[in-house]
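Step one of this worksheet: look at the structure below.
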Amino acid sequence: MNKIKLALCQMKVVDDKNQNIAKALDMIANSSDKDADIAILPEMFNCPYQNDKFIEYSENVEDSVTLDNISEIASEKDIFVLAGSIPEKDDSGKIYNTSFLFDNNGKIIAKHRKVHLFDIDIPNKVYFKESDVLSSGNDFTVVETKFGKIGIGICYDIRFPELSRHMALNDAKILFFPGAFNLTTGPAHWELLFRSRALDNQVFCVGVAPAINDEASYHSYGHSLVVSPWGDVLVEASEDEKLIISEIDLNEINKIREELPLLENRRTDLY
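Throughout, the working numbering is defined as the position within the sequence shown, counted from one, plus 365.
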């Protein structure tokens, strides 16, 4: 299956888990109605992006109301869903920023715990440290699907080129990064990073963020996007809530790699 229709669900996240879940389900249903193959939700789609809310909203996989609802809609609507991320609590009480991939039967076929935690302190602009509450994952995530292999990272993971390269060398053709850059880092680096990772690895790179919520303490930059293996931005949202449908053709990857064989020309004898 070389042509894949992606649905980027840039939803506004509020301080109400049930309302967030309902919005996610509505956008997934609309994605299916538009014949999308995969619906992608943002980072922390069921939870305000605040450390205290990560604790309050955290769920164990075995009894997660959020994941149960996503599983049901994926099966009902016959659509793959990358459930952005939620605060996942394990049996020991540790909390992770975790993304879950559901197939069109509603089965979880992969999960990715955010490897690089977002700790930032820009004087007079923004202070936020995920590590105050969250634990980091320790694995890269590449999963075989009927669309081929895809890689999953979360937000800050995209800033570390080694992770994307590792996924690409393990045959991932699309790299998904649900994320929530802020109004300082977003305008400066969001598009640049997605274009860079796509170009470096000659893969499709997809970022899905929450829409801006002016009433929240953390303001998401939005601007969900799809970038081609040539580094072109194929679609990009503004900061507002929006569902974007974008069809990609995986044949483009082989074409570009034949014309410009970057991965073949690496000097693995030196690095």
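Ideal placement from N, C-alpha and C gives every residue a C-beta, glycine not left out. Every value quoted in this text rests on a predicted model; they were computed, and no experiment measured them.
With a CB to CB cut of under 8 angstroms and the five nearest residues on each side skipped, what residues in its chain are close to GLN384? Sequence-distant partners of GLN384 (beyond 5 residues in either direction) whose C-beta falls short of 8 angstroms from its own C-beta are missing from its chain.
Beta-carbon proximity list for THR549, same chain, < 8 angstroms, skipping 5 on both sides: ILE487, LYS490, VAL491
According to DSSP, simplified to helix, strand and coil, what is GLY502? The answer is coil: DSSP assigns GLY502 none of H, G, I, E or B.
In terms of DSSP beta bridges, what is ARG478 paired with? THR463
Since ASP565 is in the alpha helix (DSSP H), which residue starts that stretch and which ends it? 556 to 566
In whole angstroms, give me the CA-to-CA distance for LEU558 and ILE515. CA-CA distance, LEU558 to ILE515, rounds to 18 angstroms.
With H, G and I counted as helix, E and B as strand and the rest as coil, what does DSSP make of LYS442? helix
Quick check on this structure: which residue in ASN367, PRO407, GLU453, SER440 has the alpha carbon closest to the alpha carbon of LEU373? PRO407
Measuring alpha carbon to alpha carbon, tell me which of SER397, LYS382, ALA401, MET532 ends up nearest ILE369. Of the candidates SER397, LYS382, ALA401, MET532, ALA401 places its Cα closest to the Cα of ILE369.
Which residues does DSSP list as the beta-bridge partners of THR633? According to DSSP, which records beta bridges pairwise, THR633 is partnered with nothing at all.
Just the Cα atoms here: how many angstroms apart are CYS520 and PHE546? 7 angstroms
Relative to the C-alpha of ASN566, which candidate in ASP614, ASN616, PRO626 has its C-alpha closest? Of the candidates ASP614, ASN616, PRO626, the one whose C-alpha sits nearest the C-alpha of ASN566 is PRO626.
Short Cβ contact (8 angstroms threshold) for SER423 with LYS454: yes
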